[in-house]
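Enquirer:
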Amino acid sequence: MVFKLSDDITFPNPIYAEDDGLLAVGGDLSIDRLLLAYSYGIFPWYAFKEGLIEWWCPKDRFVIFPDKIHISHSMRTLMRKGRYVSSLNMAFDDVIHQCGQLRIEQEGAWLGPDMEEAYKRLHEQGFASSVEVWEVADERGYPVEKRLVGGLYGVCIGRCFFGESMFSLVPSASKIALIFLANVMKEMGGVMIDCQFETAHLKSMGGEHITYEEYMKYVKME
0 MVFKLSDDIT FPNPIYAEDD GLLAVGGDLS IDRLLLAYSY GIFPWYAFKE GLIEWWCPKD
60 RFVIFPDKIH ISHSMRTLMR KGRYVSSLNM AFDDVIHQCG QLRIEQEGAW LGPDMEEAYK
120 RLHEQGFASS VEVWEVADER GYPVEKRLVG GLYGVCIGRC FFGESMFSLV PSASKIALIF
180 LANVMKEMGG VMIDCQFETA HLKSMGGEHI TYEEYMKYVK ME
């Protein structure tokens with residue numbers, strides 16, 4: 000059953016979501032609604048050109064635990080070269096814009112202007128964060144003009160990070176961003192990175208499936 004949301008800031012019980020995870024349509028992208036949604040593992044995901052907001056809550060969750068992230072030998076070698084450096088919340092607007100632009104012409108593109116503005120508002124209130132990857136040297140190790148080549152962004156609630164999107168302008172930049180995020184979370188007591196859906200890229204980094212019930216234990220963890 001797919002529910003139609005009213006103006007009230009409420010959601011139906013996620014147990015009623017369709018098998019593919021679709022729970023409801025309608026509503027808005029206000030800060031209060033988004034925070035309520037993420038606190039129950041619900042997230043907006045819809046083709047922005049079609050206009051109708053869709054809210055999803057898969058019963059099977061794909062996550063990465065920060066202390067279990069997989070770093071391959073080739074990634075360790077790349078990171079030791081010093082060609083790239085990472086940062087936190089230094090260029091949120093640029094990261095989310097890059098994520099959207101790389102997919103803007105694709106069928107079903109979901110990161111449109113309304114979504115960008117909604118997450119920028121969350122970031123301004125301290126509920127969304129970005130990781131940036133900067134190129135600072137060339138393949139030979141010589142310094143180059145610093146430029147943004149990759150990153151990711153997502154929502155932060157409690158001890159969890161709800162990943163939304165990532166981008167790479169050079170090979171492996173999004174992997175570097177994810178590793179940096181996992182290390183920051185380990186240092187700060189974070190317990191889970193929600194990846195929303197499985198991809199080969201995220202599975203290779205240590206992504207695994209857990210039930211919605213187990214997932215919510217981490218979301219509610221204080």
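Numbering (numbering that gives the first Met the number 0) for the sequence shown: 0 to 221. A virtual CB, placed ideally from N, CA and C, is assigned to each residue, including glycine.
Count the other CB atoms, across all protein chains shown, that sit within 10 Å of the CB of Gly206; report buried if there are 16 or more and exposed otherwise.
Expert: buried
Enquirer: Would you list, in sequence order, the uninterrupted beta strand (DSSP E) runs of no fewer than 3 residues that lie entirely inside the stretch 83 to 147?
Expert: 83 to 87 and 127 to 136
Enquirer: Alpha carbon to alpha carbon, how far is Gly107 from Glu53?
Expert: Note on Gly107: pLDDT 49, under 50, position unreliable in the model; the coordinate value appears next. Spanning the two alpha carbons is a distance of roughly 12 angstroms.
Enquirer: List in chain order: all unbroken alpha helix (DSSP H) runs of 4+ residues lying wholly within the stretch 34 to 90.
Expert: 72 to 79
Enquirer: Where do the ends of the alpha helix (DSSP H) carrying Glu186 lie?
Expert: Ala172 to Met187
Enquirer: Just to confirm the assignment, what range does the beta strand (DSSP E) spanning Val24 have?
Expert: Leu21 to Gly25
Enquirer: Tell me whether the stretch 28 to 38 and the stretch 72 to 92 touch, counting them as touching only if at least three CB pairs, one residue from each stretch, are closer than 8 angstroms.
Expert: At 8 angstroms Cβ cutoff, the stretches do not touch.
Enquirer: Exposed or buried, what is Ile175 when buried is set at 16 or more other beta-carbons lying within 10 Å of its beta-carbon?
Expert: buried
Enquirer: Can you tell me whether Ile192 is buried or exposed? The criterion is at least 16 other CB atoms within 10 Å of its CB, across all chains shown.
Expert: Result: buried.
Enquirer: Just checking, does the stretch 5 to 12 make contact with the stretch 21 to 29 on the three C-beta pairs under 8 angstroms criterion?
Expert: yes
Enquirer: Can you tell me which residues form a DSSP beta bridge with Gly149?
Expert: Val132 and Ser167
Enquirer: Determine, using beta-carbon pairs with one atom in the stretch 78 to 95 and one in the stretch 147 to 165, whether at least three such pairs fall under 8 angstroms.
Expert: yes
Enquirer: For Cys159, does the count of other Cβ atoms within 10 angstroms reach 16, so buried, or fall short, so exposed?
Expert: Around the C-beta of Cys159, 16 or more other C-beta atoms lie within 10 Å, and the residue is accordingly described as buried.
Enquirer: Locate the alpha helix (DSSP H) running through Asp213, then write down its first and last residues.
Expert: Per the sequence shown, the amino acid found at residue 213 is Glu instead of Asp. Taken as a continuous stretch (DSSP letters only), the alpha helix (DSSP H) holding Glu213 covers Tyr211 to Val218.
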